[in-house]
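Student: My structure is below; once you've seen it, I'll send some questions.
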Ligand code: SF4
Ligand code: SF4
Ligand code: SF4
């Protein structure tokens, strides 16, 4: 059965961003974190507390439902989403619709950054915050 | 393309300049900044004048490879008058790369307090009088919230009240508890009415040859997370040194009176980990996770009202606010660190000031008249907190003097023999023997990290000395570190990044370089640094060993002023070669 990315143990996060670098590198062949599909955020004023946002791998995704052109649609896997770039009108409706605040926006390309549930970020997490889990 | 952003705080003018040629010649980081500083930092420049520049730089490997996570700052030190250089981690190097700023140069003076805001191409000076006076910690909280609308990760670089008061031992704090600590950069920001710098951006440079890059990246990453070389930094952190150092009489205790601290167990890395460690955190793009955050739970009202202070600790802080002032409880060390963090002093310097003041009081150089009440005793945390508070309040002339540094105080009140400074800079936390002390004296920034004399000492424990070899080992380390500081690498990754790996990494980012060329650049920049230092007044011949240190027992026994000089001379000869190399190259 296919697997999805999950946050297994958030409190272990050391905020190294290795995960985001890995995602950006893998899917955009670039250096940095701003193109990562998952995000590690720090709270203002709370030392060392990180919030880890990953795509929830919805079967009936809010983001896709909000997409007016069908550019963002349920992935062939049956969970999570895929993007047909050519159809995207850069309206950001998908971003607003994801209640988990998990879908990210590529500021340069003006496109949503979808998670492929590929598991690369998991392999770079030194403290095993992230994991791949069976989709039920 | 490498880019320098210049901001003039007086006029508000912002200029961009391509500096790719400088990066090709000097690699980046400290190499590039040394060259730039040579053009602008001159003998007659007042560090607090409008013209006085502050530079920050990253190098070609920041962002590209893990644990290349530091930023270098350069300036004229208000503490020593010499070249000031300091390094910090946090998220700054990532933020600068994301904003496509490889060098940031700041000059001028704002009329009223401002913070410098950089978000991609938007560069602004934001008035912030209401932030003036706020602690270094509060300033970060406020700005992180205020600038929360930004897309990219922010790095927040700021001063506390110590910098505003122009204390020449004031630090600049970066994100969560990283610092440009040493040599007084905080005071220069203060003199410019520059409370903070907030940097972010969305630039993600494209990779050219991803396949080969990825395999090199993976090799390095695996070593960083799996090797012995980095394990100690993650596990107990540098605090692991405390007990072993005390055992070999290398842990400065009570103002460097001895190297054995009877209370070492109570401030050991193990004690901290077992009782106060909350978690480890990391700088951006570093999987090591060396930053140890301690939590101090304090009862503030009976019976069960608690507050919790979260603050980071490491060996240097445990020495300066622990053993060297005879504080033997981890919880008390955290209390002192927290106060120092809020004010924004360099923790090493302020600790050495406290230790000097205590000894000066005990020997009668300072009396109750100066302290207006408190009698200074080693180990007396409550009094130390009171003293720090009085300094923060600028209570009287004596307290205002204390934050001008140990050298200044000893000149004024006496007690120079036990003022533990090298070239006016307060000493770091090792008294392992002659190489540690010589290293503080000759190092480019008078830090234990310049040439790692403390580690050379430890290799020669119980062996007969070999001055020539020892000096050469320190010198070679110093030259190599010029290179790693040009990348800009975290020193904790030094066991993984061998010269050969560094060449591979540089090749991967488009540098046409091999080991011998790299070595040549390191020697050249090393020579440039000393030429610049000497033009600002530094002289090997003037270096002295604080008198007290000739009568104390180090890990390698007692040393004399002559032992000290015997090492300085050959070190200077090696540096002379680099200086002539540099003068030929420029
Ligand atoms: S982006 Fe949000 S709504 Fe869309 S599939 Fe992921 S979690 Fe669900
Ligand atoms: S699972 Fe893959 S696509 Fe999703 S965040 Fe991780 S690396 Fe990126
Ligand atoms: S790699 Fe793991 S520890 Fe590092 S930021 Fe990501 S989730 Fe946190």
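Residue numbers (this note's numbering), protein chains in the order written: chain A, 83 to 218; chain B, 114 to 699.
Using N, Cα and C, we set each Cβ at its ideal position, and we do this for glycine too.
#1: Going along chain B, which residues have a C-beta under 9 Å from residue 203 of chain A?
#2: Do the stretch 531-539 of chain B and the stretch 455-466 of chain B touch if we need at least three Cβ pairs shorter than 8 Å?
#3: Using a C-beta cutoff of 8 Å, does residue 195 of chain A count as contacting chain E?
#4: Which whole-angstrom value is the C-beta distance of residue 135 of chain A and residue 211 of chain A, which I expect to be below 8 Å?
#5: From the beta carbon of residue 112 of chain A, is the nearest beta carbon of chain B less than 8 Å away?
#6: At the 8 Å Cβ level, is residue 90 of chain A part of the contact set with chain B, yes or no?
#7: Should residue 496 of chain B and residue 503 of chain B be called a contact, given that it needs their Cβ atoms to be closer than 8 Å?
#8: Taking Cβ-Cβ distances shorter than 7 Å, what residues in chain B pair up with residue 162 of chain A?
#9: Let's see if you can read the secondary structure: which residues bound the beta strand (DSSP E) around residue 69 of chain B?
#10: Looking at the C-beta of residue 100 of chain A, does it have a partner C-beta in chain B at a distance below 8 Å?
#11: The beta strand (DSSP E) that contains residue 378 of chain B, what's its start and end?
#12: Tell me whether residue 99 of chain A counts as near ligand 3, meaning its Cβ is closer than 7 Å to at least one heavy atom of that ligand.
#13: Between residue 87 of chain A and ligand 2, is the CB less than 7 Å from at least one heavy atom?
#14: Could you tell me the distance, in whole angstroms, from the CA atom of residue 631 of chain B to the CA atom of residue 643 of chain B?
#15: Measuring straight from C-alpha to C-alpha, what distance separates residue 652 of chain B and residue 599 of chain B?
#16: Residues of the stretch 173-200 of chain A in Cβ contact with chain B at a cutoff of 7 Å, in chain order, please.
#17: Whose Cβ in chain B lies nearer than 8 Å to the Cβ of residue 117 of chain A?
#18: Below 8 Å, can you find three or more Cβ-Cβ pairs linking the stretch 112-126 of chain A to the stretch 310-320 of chain B?
#19: Locate the beta strand (DSSP E) running through residue 524 of chain B, then write down its first and last residues.
#20: Compare the Cα-Cα distances from residue 146 of chain B to each of B/455, B/484, B/596, B/363 and report the closest residue.
#21: Once the 5 residues before and after residue 703 of chain B are set aside, which same chain residues still bring their CB inside 8 Å of it?
#22: Evaluate residue 460 of chain B with the Cβ neighbour count: other Cβ atoms within 10 Å of its Cβ, from every protein chain shown; 16 or more gives buried, anything less gives exposed.
#23: How long is the line joining the alpha carbons of residue 702 of chain B and residue 567 of chain B, rounded to whole angstroms?
#24: Closer than 8 Å, Cβ to any Cβ of chain A: which residues of the stretch 267-289 of chain B, in chain order?
#25: Given that a residue counts as buried once 16 or more other Cβ atoms are within 10 Å of its Cβ, and exposed if not, what is residue 250 of chain B?
#26: Under the three-state reduction of DSSP, which class applies to residue 271 of chain B: helix, strand or coil?
#27: In the DSSP assignment, what residue or residues form a beta bridge with residue 200 of chain B?
#28: Contact criterion: CB-CB distance below 8 Å. Does residue 210 of chain B meet it with respect to chain A?
#29: Taking Cβ positions only, does residue 208 of chain A come closer than 8 Å to chain B?
#30: Residue ranges of each alpha helix (DSSP H) run of no fewer than 4 residues wholly in the stretch 607-663 of chain B, ordered along the chain?
#31: Please classify residue 425 of chain B as buried or exposed, where buried requires at least 16 other C-beta atoms within 10 Å of its C-beta.
#32: Taking Cβ-Cβ distances below 9 Å as the criterion, which residues of the stretch 389-401 of chain B are in contact with chain A?
#33: Under a Cβ-count criterion, where at least 16 other Cβ atoms within 10 Å of its own Cβ denotes burial, should residue 215 of chain A be classed as buried or exposed?
#34: Closer than 8 Å by beta-carbon distance: list the chain A residues that pair up with residue 338 of chain B, in chain order.
#35: When you compare only the Cα positions, how much space is there between residue 257 of chain B and residue 98 of chain A?
#36: Would residue 155 of chain A count as contacting chain B if we go by Cβ distances under 8 Å?
Tutor: With the given structure in hand:
#1: As a working mapping, residue 203 of chain A is identified with position 121 in the first chain. Residues of chain B passing the Cβ test: none, with the nearest at roughly 13 Å.
#2: By the C-beta criterion, the stretch 531-539 of chain B is judged to be in contact with the stretch 455-466 of chain B, since at least 3 inter-stretch pairs fall below 8 Å.
#3: Protein chains A and B are contained in the structure displayed, whereas chain E is not.
#4: Position 53 of the first chain, counting from 1, holds the residue named residue 135 of chain A. Position 129 of the first chain, counting from 1, holds the residue named residue 211 of chain A. Not really, about 12 Å apart at Cβ, beyond 8 Å.
#5: Translated into the one-based positions of the first chain, residue 112 of chain A becomes position 30. Yes, its Cβ sits closer than 8 Å to a Cβ of chain B.
#6: Here residue 90 of chain A refers to the residue found at position 8 of the first chain. So, not an interface residue.
#7: Mapped onto the second chain, residue 496 of chain B falls at position 383. Mapped onto the second chain, residue 503 of chain B falls at position 390. Contact: no.
#8: Here residue 162 of chain A refers to the residue found at position 80 when the first chain is read from its first residue. Per Cβ cutoff of 7 Å: no residues; residue 162 of chain A is ~23 Å from chain B at best.
#9: Residue 69 of chain B is absent from the model: chain B starts at 114 and stops at 699.
#10: Within the first chain, residue 100 of chain A is the residue found at index 18, counting from 1. Chain B, which has a Cβ nearer than 8 Å to the Cβ of residue 100 of chain A, makes this yes.
#11: Locating residue 378 of chain B in the second chain gives position 265, where the first residue counts as 1. Unbroken run through residue 378 of chain B: none, as it is neither H nor E.
#12: Translated into the one-based positions of the first chain, residue 99 of chain A becomes position 17. Correct: residue 99 of chain A has its Cβ closer than 7 Å to ligand 3.
#13: Locating residue 87 of chain A in the first chain gives position 5, counting from the first residue. It does: the Cβ of residue 87 of chain A is within 7 Å (strictly closer) of some heavy atom of ligand 2.
#14: As a working mapping, residue 631 of chain B is identified with position 518 in the second chain. As a working mapping, residue 643 of chain B is identified with position 530 in the second chain. CA-CA distance, residue 631 of chain B to residue 643 of chain B, rounds to 19 Å.
#15: Within the second chain, residue 652 of chain B is the residue found at index 539, counting from 1. Within the second chain, residue 599 of chain B is the residue found at index 486, counting from 1. When rounded, the distance between both Cα atoms is 24 Å.
#16: For the stretch 173-200 of chain A, which is checked against every Cβ of chain B, the residues closer than 7 Å are 189, 190.
#17: Within the first chain, residue 117 of chain A is the residue found at index 35, counting from 1. Neighbours of residue 117 of chain A on chain B, chain order: 317.
#18: The stretch 112-126 of chain A vs the stretch 310-320 of chain B: in contact.
#19: Numbered from its first residue, the second chain carries residue 524 of chain B at position 411. Element bounds for residue 524 of chain B: not the beta strand (DSSP E) but the alpha helix (DSSP H), 519-526.
#20: Counting from one through the second chain, the residue named residue 146 of chain B turns up at place 33. Among B/455, B/484, B/596, B/363, the Cα nearest to that of residue 146 of chain B is on B/596.
#21: Here chain B comprises residues numbered 114 to 699, so residue 703 of chain B is not present and cannot be evaluated.
#22: In the second chain, residue 460 of chain B corresponds to position 347, counting from 1. Residue 460 of chain B is buried by the Cβ-count criterion.
#23: Outside the shown range of chain B (114 to 699) lies residue 702 of chain B, about which nothing can therefore be said.
#24: 289
#25: Position 137 of the second chain holds residue 250 of chain B. The residue is buried, with at least 16 neighbouring Cβ atoms inside 10 Å.
#26: Start at 1 with the first residue of the second chain, and residue 271 of chain B comes out as number 158. If DSSP states are grouped into helix, strand and coil, residue 271 of chain B belongs with the strands.
#27: If you number the second chain from 1, residue 200 of chain B lands on position 87. Looking at the DSSP assignment, residue 200 of chain B forms a beta bridge with B/185.
#28: In the second chain, the residue the question calls residue 210 of chain B occupies position 97. By this cut-off, residue 210 of chain B is an interface position.
#29: Numbered from 1 along the first chain, position 126 holds the residue referred to as residue 208 of chain A. Answer yes: the Cβ-Cβ gap between residue 208 of chain A and chain B drops below 8 Å somewhere.
#30: 612-621, 628-648
#31: In the second chain, the residue the question calls residue 425 of chain B occupies position 312. So residue 425 of chain B counts as buried.
#32: For the stretch 389-401 of chain B, which is checked against every Cβ of chain A, the residues closer than 9 Å are 391, 392, 393, 394, 395, 396, 397, 398, 399, 400, 401.
#33: Here residue 215 of chain A is taken as the residue at index 133 of the first chain, counted from 1. With fewer than 16 other Cβ atoms within 10 Å, it is exposed.
#34: Your numbering for residue 338 of chain B matches position 225 in the second chain. Near residue 338 of chain B (Cβ distances below 8 Å), the residues of chain A are 208.
#35: Numbered from its first residue, the second chain carries residue 257 of chain B at position 144. Numbered from its first residue, the first chain carries residue 98 of chain A at position 16. C-alpha separation (whole angstroms): 18 Å.
#36: For the purposes of this step, residue 155 of chain A is taken as residue 73 along the first chain, with counting starting at 1. False, the Cβ-Cβ gap to chain B never drops below 8 Å.
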